[in-house]
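Notes follow the structure.
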């Protein structure tokens with residue numbers, strides 16, 4: 057039971073990393089005017105990605121200093137997710153799974 061739960065958490069964390077990377081790439085494409093928000097599909101994708109990541113970014117942006125036009129929040133979130141996946145979840149899973 058716990059093993060399945062940890063697998064689901066791992067999959068969700070991998071999806072979160074993918075969404076953050078896609079949003080970062082799309083923000084670069086928007087900044088360099090490769091794509092623009094006049095396109096309905098691009099606007100829908102951007103709105104969805106922003107709605108998914110804004111609740112994660114908001115508390116971190118309050119803490120981080122302002123670097124001008126450079127936003128390091130996605131990198132901080134990805135590093136936090138990697139630490140969670142590699143340093144916190146495995147020992148927690150080993151502690152919760154009984155030794156047979």
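Numbering (our numbering), first residue to last: 57 to 156. For glycine and all other residues, C-beta sits at the position ideal for the given N, C-alpha and C.
Practice problem: Just mark residue 94 as buried or exposed, buried being the case when its beta carbon has 16 or more other beta carbons within 10 Å. | Solution: exposed
Self-check item: Integer Cβ distance of residue 91 from residue 85, believed to fall under 8 Å
Solution: 5 Å
Self-check item: Beta-carbon proximity of residue 152 to residue 58, cut-off 8 Å
Solution: yes
Quiz item: Taking DSSP as the reference, what is the three-state secondary structure of residue 149?
Solution: helix
Self-check item: the segment 100 to 118 / the segment 138 to 152 touching (three or more Cβ pairs under 8 Å)
Solution: no
Exercise. For residue 63, count neighbouring C-beta atoms within 10 Å of its own C-beta (all shown protein chains included) and say buried if the count is 16 or more, exposed if not.
Key: exposed
Quiz item: Which whole runs of the alpha helix (DSSP H) in the segment 80 to 119 are 4 residues long or more, in chain order?
Solution: 96 to 119
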